[in-house]
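Q: Please see the structure below; I have some questions.
In the working numbering, the protein residues as written are 26 to 497.
This is the structure we're talking about:
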């Protein structure tokens, strides 16, 4: 190490202020020397005698740690020596050591050191470098995979003098040609590791990069995520579909705003095409299996009323719809075509509801939604409530509420009132409001009791509490 590394900053001066004895055998003279440094002699003002020593091998440093707890010292030694390249003893017992690259999916030698490739993305505190027992975190190289764990590189440094750490702390690499070469080697090693796996899910860009570096790979696994409509609430996130193997019969689907995606999904429920839709993923563009997939293009709703025919896309209705519109019929139209083509005839399926917002923006939530629907037994209030919840609710729209649960409860009460009013009638909407109000205080009613409440708009509220038969 003395020949390959600059020994400055190796920790000797951390002993300053401590009574220390150093003994060492000189390789050049074959004789050993010994010095004793008092605790107050580290400033250079006191002469320190150099005596002969009987030491026959290496160097020893001993020092006093007044008040130190043996257990704490042992733990510190264990942590410091776990990746040390030579054995370390404490109180006569050898400390356990580990292979820094244990768990790697691929290991290769490089310039006197070892590069290991690991699955997963390292956290910012994850050690990726073992510098003769000193571990640091450094981004050497990592590559993402679509729908899979990323992989990243670590290094167990042996005799590679061109790799240096910044003195005196040694917490980061010196930016030099050696580090540049290491990062390049780590990139190649990552792709070599991927080449040993049964399959991969690299983007086409990274796949091409591997080929440029001389690491030929098979195309990425033909798999995409089944399309599911977005959900408006950013706190709960999108209900992502399952990853599925591509057979060639699938259709690429663009991401849409939550309200538009939700009504597309409802219109396609039960249709064969629904199960064939997969999320478009531009990172796979270039792979043969991806480029030959067809796409669903330009989904548009056509709403026919007694007064006009309205075309509804992801942005708006043309001409505009009334806030609540009972339609004679609604259809979803779309084209299935090769990517980038515009030759296929448009197809259509029946639908029963359309939701729009001014300029396609749902920032005002349920207060600003426009609903056009075809009355039928298939569209019940509870179904519309769920649709409005997925398409419109966002905690941002009621940010003064005390919690997400409070915001969501408020939204559902409003959605139920609206759904019952437009699909059933005013009385049903009023009943819905009272059910919601009473549900919040039902916990106050003991078991075996019955409550009857009666009042009109301007009368006192009559409340009668009685025992249920057979409870006494």
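All C-beta atoms, glycine included, are put in the ideal place defined by N, C-alpha and C.
Cβ atoms of residue 454 and residue 446: under 8 Å apart, would you say?
A: Yes.
Q: Taking the alpha-carbon of residue 273 as reference, which of 315, 107, 462, 431 has the nearest alpha-carbon?
A: When each option's Cα is compared against that of residue 273, the closest is 315.
Q: Residue 394: buried (16+ other C-beta within 10 angstroms of its C-beta) or exposed?
A: Flag for residue 394 reads buried.
Q: Our contact map puts residue 143 next to residue 181 with C-beta atoms below 8 Å; I'd like the distance itself, whole angstroms only.
A: Contact flag wrong, Cβ pair sits at about 12 Å.
Q: For the putative contact between residue 178 and residue 140, defined by C-beta atoms under 8 Å, what is the C-beta separation to the nearest angstrom?
A: Contact flag correct, Cβ pair sits at about 6 Å.
Q: Candidates 167, 99, 55, 324: which alpha carbon is nearest residue 82's?
A: Measuring from the Cα of residue 82, the nearest candidate turns out to be 55.
Q: In the structure shown, what three-state DSSP assignment does residue 34 receive?
A: Reliability fails at residue 34, whose pLDDT of 49 lies under 50, so the model's placement of it is uncertain and no value is given.
Q: Have a look at the DSSP bridge pairing and note the partners of residue 357.
A: BP columns for residue 357 point to 326, 374.
Q: Could you tell me which uninterrupted alpha helix (DSSP H) segments, each at least 4 residues in length, are contained entirely in the segment 71 to 152, listed from first to last along the chain?
A: As far as the segment 71 to 152 is concerned, its whole alpha helix (DSSP H) runs of at least 4 residues are 95 to 106.
Q: Express the C-alpha separation of residue 459 and residue 474 in angstroms, rounding to a whole number.
A: When rounded, the distance between both Cα atoms is 19 Å.
Q: Using C-beta distances below 8 Å, list every residue in its chain close to residue 236, excluding the 5 sequence neighbours before and after it, in chain order.
A: Excluding residues within five positions, the ones whose Cβ falls inside 8 Å are 242.
Q: If you measure between the beta carbons of residue 57 and residue 72, is that distance less than 8 Å?
A: Contact flag unset, no.
Q: Are residue 358 and residue 328 touching if we call contact CB-CB under 8 Å?
A: No, they are not a contact pair.
Q: Check residue 226 in the structure and name its three-state DSSP category.
A: Three-state DSSP puts residue 226 in coil, outside helix and strand.
Q: By a C-beta neighbour count over all protein chains shown, 10 Å radius and 16 as the cutoff for buried, is residue 335 buried or exposed?
A: It is buried - the Cβ of residue 335 has at least 16 other Cβ atoms within 10 Å.
Q: Out of curiosity, what's the CA-to-CA distance linking residue 339 and residue 306?
A: Taking the straight line from one Cα to the other gives about 20 Å.
Q: Flag this pair as yes or no: are the beta carbons of residue 226 and residue 209 separated by less than 8 Å?
A: No, the pair does not count as a contact, with Cβ atoms beyond the cut-off.
Q: Going by DSSP in three states, residue 279 sits in which element: helix, strand or coil?
A: Residue 279: coil per DSSP, three-state reduction.
Q: What is the residue span of the alpha helix (DSSP H) that residue 212 lies within?
A: Its alpha helix (DSSP H) spans residues 202 to 220.
Q: Using alpha carbons as the reference points, say which of 408, 270, 363, 371 lies closest to residue 377.
A: Residue 377 has its Cα closest to that of 408, out of 408, 270, 363, 371.
Q: Alpha carbon to alpha carbon, what distance is there between residue 167 and residue 233?
A: Between residue 233 and residue 167, the C-alpha separation is close to 16 Å.
Q: Report the rounded CA-to-CA distance for residue 228 versus residue 162, giving the unit in angstroms.
A: Answer to the nearest angstrom: the Cα atoms are 26 Å apart.
Q: Whole angstroms are fine: how far does the CA of residue 112 sit from the CA of residue 60?
A: Their Cα atoms are separated by approximately 25 Å.
Q: DSSP three-state call for residue 410: helix, strand or coil?
A: It is helical.
Q: So what does residue 161 bridge to, in DSSP terms?
A: Partner(s): 154.
Q: What does a CB cutoff of less than 6 Å around residue 47 pick up in its chain, not counting 5 residues either side in sequence?
A: Closer than 6 Å at Cβ, skipping near neighbours: 60, 86.
Q: Rounded to the nearest angstrom, how far is the Cβ of residue 292 from that of residue 350, given a contact under 8 Å?
A: Not quite, the Cβ-Cβ distance comes to about 16 Å (not below 8 Å), so this is no contact.
Q: Find out if the Cβ-Cβ distance for the pair residue 289, residue 254 is shorter than 8 Å.
A: Yes; because the gap between Cβ atoms is below 8 Å, this pair is in contact.
Q: Pick helix, strand or coil for residue 53, following the three-state DSSP scheme.
A: Residue state, collapsed to three classes: coil.
Q: Are residue 276 and residue 361 closer than 8 Å when you measure CB to CB?
A: For residue 276 and residue 361, yes; Cβs fall inside 8 Å.
Q: In whole angstroms, give me the CA-to-CA distance for residue 88 and residue 138.
A: Looking at the two C-alpha atoms, the distance is approximately 33 Å.
Q: Using the rule of at least 16 other Cβ atoms within 10 Å of the residue's Cβ for burial, across every protein chain shown, is residue 77 buried or exposed?
A: Looking at its Cβ environment, which holds fewer than 16 other Cβ atoms inside 10 Å, residue 77 is exposed.
Q: Quick check: what's the CA-CA separation for residue 133 versus residue 217?
A: The straight-line gap from Cα to Cα measures roughly 10 Å.
Q: Have a look at residue 223 and residue 170 and give me their C-alpha separation to the nearest angstrom.
A: Going from the Cα of residue 223 to the Cα of residue 170 covers about 14 Å.
Q: If distances are taken between C-alpha atoms only, which option among 108, 478, 472, 480 comes closest to residue 494?
A: The shortest C-alpha separation from residue 494 is found at 472.
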